[in-house]
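Enquirer: Input: one structure, supplied below.
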Amino acid sequence: MNNPSTIARLSRDEILASLMTLGEDPTAARVDALHARIDAAALPAGERADVVRAAVDAACMKLNAPLAGSGKVRLYDLAASADQAFEDYDFGNGVEVTDTSGWEYSGEGFERTRKVYLEAEREDDGPAPRSTLTFTVRLNSDGSLAEAYAIDSRGQIWGSMPDRKMPENEAEDSLDYTVTVELSITADSPEQAAEFALDDLRDRSIGPINFDVENLGSKKVVTVSTGEVLLPWERDDIQFPRLLAEIMATQDKLDMAALAASMDLSIEEVNSLFDRADRAWEAAKEANAPTHAPSSPSPSM
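Structure follows, in structure tokens:
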């Protein structure tokens, strides 16, 4: 009785069938990775299906295990990265990929190539122009893409790798946003709470404040912290009313008519502005706000 011979050649279809028998739903990258790992000539004699399944199972165990202490990525990760780069690559307008070969590589697989067969749009009633390109992917040590390009036999580069391929379900950013902020307020009523919240947002002595900003186009939400705490001397809402109040209190010969004419206001309207400034300044003083620059001596009140 003759013993079954050793396996000289192992097809991807056999690996696919073995993976399905082992309960996997494999991708083409998975099959390619295992095909590159299994040395058919080194497989033992026996029933072919059993030998192939055992070899695939052993290769899967090695492939799925991390490379402890090496800092390297698994071969399957590299295959997936190469497949993603090919999927993202833009071969150009009016060009259709009709077929590809499997990936070819040596060593650990950080550089991979495959043949790509293209058809361009017809220019007349004749057959569509066809081209065969070599598509090359170079990967970094962590499995990320370093570069990808397609080149023909004349050395001409076809297409390019887009800077970013947007997923089909991801919308672009728009110029419209919604901005929300959460404030903790103690108040006697909703109306008072709203007033206090508005006062806090206007208060330049409080900051920074976190805002949740949503882009209405892409629906992306980011938290933005903005607003710096200003010293009272740096706050225009304190120092400008102070200036006007002190001018009114000290300048007996202020030409109100000329000031009103320059502002295109009546004298009564100008006086009302000074009154408002005086009330704002008194409120600032009641809040114990310092009234001088940090480097200056405190003026007498």
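For the sequence shown, the working numbering begins at 1147 and goes up steadily by one.
Yeah, the Cβ is synthetic: ideal placement off N, Cα and C, and Gly gets one too.
1) What does DSSP give as the partner residue(s) for N1356 in the beta ladder?
2) Which of helix, strand or coil does DSSP assign to G1236?
3) I need the DSSP call for F1281, collapsed to helix, strand or coil.
4) Determine which residues share a DSSP beta bridge with T1246 and list them.
5) Closest to D1236 by C-alpha separation, out of S1247, R1284, I1303, D1178, would be which residue?
6) According to the Cβ coordinates, are D1223 and G1289 closer than 9 Å?
7) If you draw a straight line from the alpha carbon of R1158 to that of D1322, how long is it in whole angstroms?
8) If I measure Cβ to Cβ from M1166 and keep anything under 8 Å in the same chain, skipping five residues before and after, which residues do I get?
9) Going by DSSP, name the residue or residues bridged to A1340.
10) Alpha carbon to alpha carbon, what distance is there between A1175 and A1226?
11) Does the beta-carbon of S1164 have 16 or more other beta-carbons within 10 angstroms, so that it is buried, or is it exposed?
12) Which of the three DSSP states is assigned to T1326 in this structure?
13) Do A1179 and L1189 come within 9 Å of each other at the CB atom, strictly closer than that value?
14) Tell whether a beta-carbon distance below 9 Å holds between P1387 and R1422.
15) Are the CB atoms of A1296 and T1280 within a distance shorter than 9 Å?
16) With the cut-off set at 9 Å, would you say E1242 and R1284 are in Cβ contact?
17) Anyone know if the C-beta pair for K1261 and D1319 falls short of 9 Å?
18) Among residues of its own chain, excluding the 5 on either side of T1246, which ones have a beta-carbon nearer than 6 Å to its beta-carbon?
19) Using a Cβ distance threshold of 8 Å, determine whether the stretch 1380-1399 contacts the stretch 1424-1435, with at least three qualifying pairs required.
20) When burial is assigned at 16 or more other CB atoms within 10 Å of the CB, is L1156 buried or exposed?
21) Considering only their Cβ atoms, is the gap separating F1232 from A1294 smaller than 9 Å?
22) Tell me S1290's beta-bridge partners as DSSP assigns them.
23) In three-state terms, what does DSSP make of E1193?
24) With L1329 and D1346 assumed to form a contact (beta carbons below 8 Å), what rounded beta-carbon distance in angstroms separates them?
Expert: Here's the rundown:
1) S1371
2) Note on identity: in this sequence residue 1236 is Asp, with Gly being the wrong assignment. Residue state, collapsed to three classes: strand.
3) strand
4) In the DSSP output, where bridge partners are listed per residue, T1246 has V1262.
5) I1303
6) yes
7) 51 Å
8) Excluding positions up to five away in sequence, the list reads P1172.
9) None; A1340 has no bridge partner.
10) Per the coordinates, the alpha-carbon of A1226 lies some 6 Å from the alpha-carbon of A1175.
11) buried
12) strand
13) no
14) It is a contact, given that the beta carbons lie within the stated cut-off.
15) For T1280 and A1296, yes; Cβs fall inside 9 Å.
16) With respect to the 9 Å criterion, E1242 and R1284 are not classified as neighbours on the basis of their beta carbons.
17) no
18) Answer for T1246: R1260, V1262, listed in chain order.
19) yes
20) buried
21) Pairing A1294 with F1232 gives a Cβ-Cβ distance under 9 Å.
22) The partner list for S1290 (beta bridge, DSSP) is empty, contrary to what the question assumes.
23) coil
24) 6 Å
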